[in-house]
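Beneath this line is the structure, given in structure tokens, with notes to follow.
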Amino acid sequence: MAKSPSDELKDLTYSTVGFALLGLQRLMVARNDLSKSVNRAIGDLANMTEHLIGFRRD
Numbered sequence: 001m002a003k004s005p006s007d008e009l010k011d012l013t014y015s016t017v018g019f020a021l022l023g024l025q026r027l028m029v030a031r032n033d034l035s036k037s038v039n040r041a042i043g044d045l046a047n048m049t050e051h052l053i054g055f056r057r058d
């Protein structure tokens, strides 16, 4: 049995919203990964700076 135009539109809307949510979730995961990477790099830089400052004091 063929679907009515309103049912087709509803299915299309649900699919569009679903794909948009999946895209948003992927974006959030990428953002969290980038944030972790930047924080790790900042921590490494801070450790190197402390090491160099401490090394010069000796």
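So for the sequence shown, my numbering puts the first residue at 1; every next one is plus one. Backbone N, C-alpha and C define an ideal beta-carbon position, used for all residues, glycine too. This structure is a prediction, so every number in the text was calculated from the model and none was measured.
Within the model, the alpha-carbon separation for Thr16 versus Arg26 is close to 15 angstroms.
Distance between Pro5 and Arg40, taken at the CA atoms: about 52 angstroms. Judged by DSSP in its simplified three-state form, Met1 adopts coil rather than helix or strand.
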